[in-house]
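Numbering (our numbering), first residue to last: 28 to 214.
Backbone N, C-alpha and C fix where the C-beta goes; we use that ideal spot for every residue, glycine too.
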Amino acid sequence: RAVRERRVTIGAMNLLAEHKAALEEIDALLAAAKLDAFAARIRALARPAIGLKTRAALPADLASGVMRFGGQPDLPAGFKWPSEGVDPISFIAQVRLDQIARFDVEGLLPRFGMLTLFTDSFCDHVRVHHFADVSALIATPPPDGVPSYPAAGVDERAELHLPAHSSAWIGLDAPAQWPGSAARRAA
Numbered sequence: 028r029a030v031r032e033r034r035v036t037i038g039a040m041n042l043l044a045e046h047k048a049a050l051e052e053i054d055a056l057l058a059a060a061k062l063d064a065f066a067a068r069i070r071a072l073a074r075p076a077i078g079l080k081t082r083a084a085l086p087a088d089l090a091s092g093v094m095r096f097g098g099q100p101d102l103p104a105g106f107k108w109p110s111e112g113v114d115p116i117s118f119i120a121q122v123r124l125d126q127i128a129r130f131d132v133e134g135l136l137p138r139f140g141m142l143t144l145f146t147d148s149f150c151d152h153v154r155v156h157h158f159a160d161v162s163a164l165i166a167t168p169p170p171d172g173v174p175s176y177p178a179a180g181v182d183e184r185a186e187l188h189l190p191a192h193s194s195a196w197i198g199l200d201a202p203a204q205w206p207g208s209a210a211r212r213a214a
């Protein structure tokens, strides 16, 4: 599908026009929370991200080479199913890189191929594989006894993300410097 791409520059960020609404929402939330003293620093932490939203699977979502969560992965013939020790881990998602490339405004991902994600039930052990030739992938059922999840379709979108308030990226001695914190009120 052809998508018309409009980019905007906000500060040092080269973003898609879709990010502008997210920045406006961040500004409104900062104003409502009376975080004016920290607004510029918080806004500067906003980073472009690629949002993947699941939905009920359509028949087309089950075709080979299509981006989806759950179901059966499309893997190269002879691919050894990932495991942690002797235990195979579950397929979680496959992401078409050409489908999300326009949202990768920082150019961090390959522009082609499929990323396929596997993990154990606690997400302690994650495996990500990149397969460059999507046309060579075939639907592959999981090994016996490996949990699988129902297939879900995926819609992609541009998003902005902020780090968690306790993140070292923020550079504040949280929570003491955050407005409304007990430590700040006591000072």
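Lys80 (DSSP reduced to helix, strand or coil): strand
Roughly how many angstroms lie between the CA atoms of Leu43 and Asp88, to the nearest whole one? 26 Å
If Leu144 and His157 are in contact, beta carbons under 8 Å, what's the gap, nearest whole angstrom? About 11 Å; that fails the 8 Å criterion.
Rounded C-beta distance between Phe106 and Leu124? I'm assuming under 8 Å. With a Cβ gap of about 18 Å, Phe106 and Leu124 do not count as contacting.
In whole angstroms, give me the CA-to-CA distance for Ala163 and Ala104. 8 Å
Leu56 in three-state terms, based on DSSP: helix
Where are the alpha helix (DSSP H) runs, 4 residues long or more, that stay fully inside the segment 110–145, in chain order? 124–127
Under the three-state reduction of DSSP, which class applies to Ala44: helix, strand or coil? coil
Is the Cβ-Cβ distance between Asp274 and Ala166 less than 7 Å? Outside the shown range of the chain (28 to 214) lies residue 274, about which nothing can therefore be said.
Own chain partners of Ser117 with C-beta closer than 8 Å, once the 5 adjacent residues on each side are dropped: Phe145, Thr146, Asp147, Ser148, Pro169, Val173, Pro174, Ser175 and Tyr176
Measuring only the C-alpha atoms, how far is Gly38 from Arg129? At Gly38 the pLDDT is 49, less than 50, meaning the model places this residue with poor confidence; the figure from the coordinates comes in the next sentence. So the two alpha carbons sit approximately 20 Å from each other.
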